[in-house]
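First up is the structure itself, then whatever we jot down about it.
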Amino acid sequence: MHSFVKQPTGVFPSVCPLDCPDQCGLLVHKQDGKIVKIQGDPNHPVTKGNICNKVRNMTERIYDPKRLKYPMKRTGAKGEGKFERISWDEAIETITSKWKELIETDGPESILPYSFYGNMGMLSAEGMDRRFFHRLGASLLDRSICSSAGSEGLKYTMGGGFGIDPEDTIHSKLIIFWGINAVSTNMHQVVLAQKARKNGAKIIVIDVHKNQTGQFADWFIPILPGTDAALALGMMHILFAENMVDNDFLKKYTVGHEELREHVVQYDPITVSGITGVPVEDIYKLARMYGQITPSFIRIGNGLQHHDNGGMCIRTIACLPALTGQWLVKGGGAIKSNSGYLALNTRSLQRPDLLQNKHTRIINMNLLGQALLELDPPIKSLFVYGTNPAVVAPNSNKVRKGLAREDLFVVVHDLFLTETAKYADIVLPATSSFENTDLYTSYWHHYVQIQQPVIERYGESKSNVEVFQLLAKKMGFKDPCLYETEAEMISQALDNPNNPYLEGIDYETLIKKQYVKANVKPLLPGKLPTPSGKIELYSRKMEQDGYPPLPTYTPLVNDGDFPFLFVPGPNHNFLNTTFSNNEKHISFEKEPRLHMNIKDALSKGIKDGDQVRVWNNRGECILKVSVGENVLPGVVVTQGLWADSPGTKHLVNSLTPDRVADMGNGATFFSGRVNVEKVLD
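Each residue of the sequence shown is one higher than the one before, starting from 1 at the first, in the UniProt record's numbering.
See the structure below:
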């Protein structure tokens with residue numbers, strides 16, 4: 001047994017497992033073998049003891065009486081949620097005998113794993129599971145629901161997930177939060193911005209909704225959804241026209257600045273104002289502040305890429321710091337993702353070499369509804385872990401229809417009987433992160449962290465690593481890598497000769513120190529991993545891949561004849577559906593609301609607090625409306641993914657499109673349209 005687990009009382013180092021850029025260092029307080037309190041680790045160099053409400057109340061989730069304690073099999077209809085207890089032996093036997101039968105009759109590609117980062121631990125999210133399903137020969141899942149469009153766009157400009165060190169942003173004099181509700185989703189960047197503000201920095205927020213981050217700004221700029229690239233191009237127009245660009249920097253460190261200068265002439269402020277809803281004088285003011293204040297820093301948000309044009313949008317905004325030479329100034333530049341610095345040896349971790357059929361089909365996770373209902377040859381079995389697609393996946397009514405198929409054998413491994421688990425034939429209880437050994441890398445700060453088990457397993461729950469090892473054994477697989485320990489897997493993942501930033505970071509060092517900073521040097525002067533080695537304002541690679549080589553604004557796809565653009569953003573107390581079923585977190589968040597502009601409400605006879613029906617041809621929701629000035633006319637916004645509860649219609653993803661974005665096969669959650677009407681009593 002692990003040494004922390006053996007000690008029933010004390011304070012133990014830990015790391016937050018949530019899919020969040022901050023990845024906080026934690027201290028876990030234990031009494032008589034149980035966690036009684038979770039607090040931030042004051043010694044962590046970035047998170048410094050501050051943690052959010054979600055994690056502070058995590059104990060309620062770990063010891064929630066609704067948590068799954070043992071494996072179960074379905075006894076009622078799909079979706080009804082009726083189950084009876086079975087043993088692990090029976091569960092593993094049922095799954096593997098079904099799979100052996102399917103492989104015999106339909107081939108291994110009739111089986112599909114479906115997972116995401118419900119737990120950001122590398123072993124939980126992309127370790128033994130990948131090895132097992134590669135060896136099985138199952139269909140491959142394109143896990144592109146979150147950041148893939150933006151990552152692809154950023155790669156064209158910067159060569160990968162490379163930005164400035166967030167710790168340097170205390171030196172910034174202008175901070176732009178662009179499309180990120182950082183108060184709720186990146187709180188330590190807000191803490192750093194506060195420090196910068198005390199030193200005279202100005203904070204601007206550009207977003208579709210005046211949420212908590214918008215209220216925190218010195219200047220909030222509301223914008224129409226999906227038009228952010230046009231605003232960035234309008235800023236470039238003014239920067240070039242008024243000679244606020246750093247020509248020396250452009251010559252030395254970029255390719256394509258002459259072409260860009262000519263190209264942005266068409267994005268004059270009047271044209272851009274017409275597209276974005278941002279007044280002409282505000283476009284001038286924003287561009288001049290950006291052109292004249294240095295160091296300037298842009299925190300590029302996650303939400304922007306959840307549009308039809310999301311990849312190009314991120315690529316475009318990522319060009320801005322180059323125009324004013326910010327990358328050479330401490331506290332200047334941008335962050336969309338810093339994951340490039342902490343890139344692990346994924347080949348060693350995931351072992352794609354185990355997949356014998358190199359032409360195995362790839363299924364986009366955003367198209368799950370289509371895949372379950374229309375794919376030929378069909379998917380006959382689904383294994384879900386680390387996510388809850390019945391609520392999280394776009395076009396959820398279609399997803400649920402697919403999950404309800406009688407001939408689909410579904411297994412769910414989770415901590416709770418989620419909405420998805422109610423459709424399962426077999427449900428397996430999962431450990432929480434505090435019960436496992438795992439490796440964590442942030443996609444924002446530069447620290448690698450380790451989690452060692454702090455508490456005993458809850459009930460009969462098992463980790464992802466154990467479950468896939470049990471399945472491998474029962475399938476008769478002999479490959480040694482399917483039976484390696486967590487320590488061996490972590491060592492292999494960290495051993496990445498292609499990533500000099502990880503040099504000197506290994507399993508033993510992490511066990512000793514708990515977290516270690518990567519050896520990150522400033523991006524420039526240096527060679528970027530783009531084809532030219534420079535920042536690519538003009539990208540030949542994009543041209544080869546069939547995109548415009550210069551940053552370009554493309555309007556959203558026509559989503560039907562509905563009057564409102566619909567943006568279902570995150571809320572403060574849930575993370576996707578994590579916590580949405582925990583009483584305490586629900587009590588903090590109260591109820592889902594639809595934010596609507598007062599002009600739209602008046603024209604529809606809707607008053608603040610009314611119940612409204614929000615619908616399109618994919619689905620409908622009934623929500624309470626908040627009327628005001630927090631969104632522009634023609635835009636409605638909700639926050640959070642709410643758990644199913646009897647008598648409610650809160651499934652916001654029943655309204656979202658399952659089209660894929662312009663790049664990286666990303667999701668288009670925020671490019672849907674809806675109608676709204678008052679519910680008559």
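All residues carry an ideal CB built from backbone N, CA and C; glycine is no exception.
Contact set for residue i: own chain, Cβ-Cβ below 6 Å, skip 5 residues either direction
i, result
"Asp-425", "Arg-74, Phe-409 and Val-410"
"Val-391", "Glu-419, Thr-577 and Leu-641"
"Asn-345", "Ala-493, Asp-495 and Asn-496"
"Val-627", "Met-596, Ile-598, Ala-601 and Asp-608"
"Gly-402", "Gly-369, Leu-372 and Leu-373"
"Ser-463", "Thr-431 and Asn-436"
"Glu-152", "Gly-311, Met-663 and Gly-664"
"Leu-18", "Leu-575"
Expected contact under 8 Å - CB spacing of residue i and residue j to nearest Å
i, j, result
"Thr-185", "Asn-388", "About 18 Å; that fails the 8 Å criterion."
"Leu-415", "Ser-396", "About 21 Å; that fails the 8 Å criterion."
"Val-676", "Lys-604", "7 Å"
"Ser-654", "His-307", "Actually they do not touch by this definition, with Cβ atoms about 19 Å apart."
"Asp-22", "Met-236", "So it is not a contact: roughly 31 Å between Cβ atoms."
"Gly-325", "Phe-249", "3 Å"
"Ile-455", "Phe-434", "5 Å"
"Cys-20", "Leu-575", "7 Å"
"His-44", "Cys-16", "His-44 to Cys-16, Cβ: 10 Å. No contact."
"residue 688", "Ala-393", "The requested residue 688 is not part of the displayed model; the chain covers only 1 to 681."
"Leu-537", "Leu-260", "5 Å"
"Gly-137", "Gln-356", "6 Å"
Start and end residues, alpha helix (DSSP H) containing residue i
i, result
"Arg-61", "58-62"
"Glu-281", "280-292"
"Asn-247", "247-253"
"Leu-328", "From DSSP, Leu-328 is part of no alpha helix (DSSP H); its letter is neither H nor E."
"Gly-124", "Note on residue identity: the sequence assigns Ser, not Gly, to residue 124. Per DSSP, Ser-124 belongs to the alpha helix (DSSP H) from 122-126."
"Glu-90", "88-105"
"Asp-228", "228-241"
CB of residue i within 8 Å of CB of residue j, strictly
i, j, result
"Asn-302", "Ile-206", "no"
"Pro-71", "Leu-428", "yes"
"Asn-364", "Asp-662", "no"
"Ser-337", "Gly-163", "yes"
"Gln-305", "Ala-182", "no"
"Pro-423", "Lys-78", "Per the sequence shown, the amino acid found at residue 423 is Tyr instead of Pro. Their beta carbons are under 8 Å apart, which means Tyr-423 touches Lys-78 by this criterion."
"Ile-275", "Ile-300", "no"
"Asn-53", "Asn-630", "no"
"Ala-193", "Ile-175", "yes"
"Ser-273", "Val-280", "yes"
Between the CA atoms of residue j and residue i - distance to the nearest angstrom
i, j, result
"Arg-593", "Gly-526", "48 Å"
"Pro-657", "Tyr-507", "43 Å"
"Leu-291", "Ser-110", "Here the sequence assigns Gly to residue 291, which means Leu is not the residue at that position. C-alpha separation (whole angstroms): 55 Å."
"Glu-93", "Lys-6", "32 Å"
"Pro-570", "Leu-550", "31 Å"
"Ser-491", "Ser-124", "15 Å"
"Leu-154", "Glu-84", "48 Å"
"Ile-606", "Lys-678", "6 Å"
"His-209", "Ile-221", "9 Å"
"Arg-143", "Phe-116", "7 Å"
"Lys-48", "Gly-40", "7 Å"
"Gly-277", "Leu-102", "54 Å"
"Gly-159", "Asn-499", "14 Å"
"Gly-226", "Leu-556", "7 Å"
"Ser-172", "Gly-634", "35 Å"
"Leu-233", "Gly-619", "35 Å"
"Tyr-547", "Arg-315", "12 Å"
"Arg-540", "Pro-113", "36 Å"
"Tyr-458", "Ala-643", "23 Å"
"Arg-351", "Glu-126", "10 Å"
"Lys-251", "Ile-535", "11 Å"
Residues near residue i by beta carbon distance below 8 Å, same chain, minus five either side
i, result
"Ala-518", "Tyr-341, Leu-342, His-446, Tyr-447, Val-448, Tyr-501, Leu-502 and Ile-505"
"Leu-354", "Arg-131, His-134, Arg-135, Asp-479 and Cys-481"
Extent of the continuous beta strand (DSSP E) run through residue i
i, result
"Cys-313", "It is not in any beta strand (DSSP E) - Cys-313 instead sits in the alpha helix (DSSP H) that spans 310-317."
"Lys-73", "72-74"
"Lys-358", "No beta strand (DSSP E) contains Lys-358, which DSSP labels as neither H nor E."
"Glu-84", "83-85"
"Pro-222", "219-222"
Cutoff 7 Å; reference residue i; Cβ partners in own chain excluding five residues on either side
i, result
"Val-674", "Phe-562, Phe-564, Phe-566, Val-614, Trp-615, Asn-616, Val-636 and Leu-655"
"His-2", "Gln-452 and Pro-453"
"Gly-386", "Ser-115, Phe-116, Tyr-117, Gly-118, Asn-119, Ser-124 and Ala-125"
"Phe-108", "Phe is not the amino acid found at residue 108; the sequence shown has Pro there. Closer than 7 Å at Cβ, skipping near neighbours: Leu-136, Gly-137 and Ala-138."
Residue i Cβ short of 7 Å to the ligand HEM heavy atom set
i, result
"Ser-124", "As for the ligand HEM, it is missing from this structure, which has no ligand bound."
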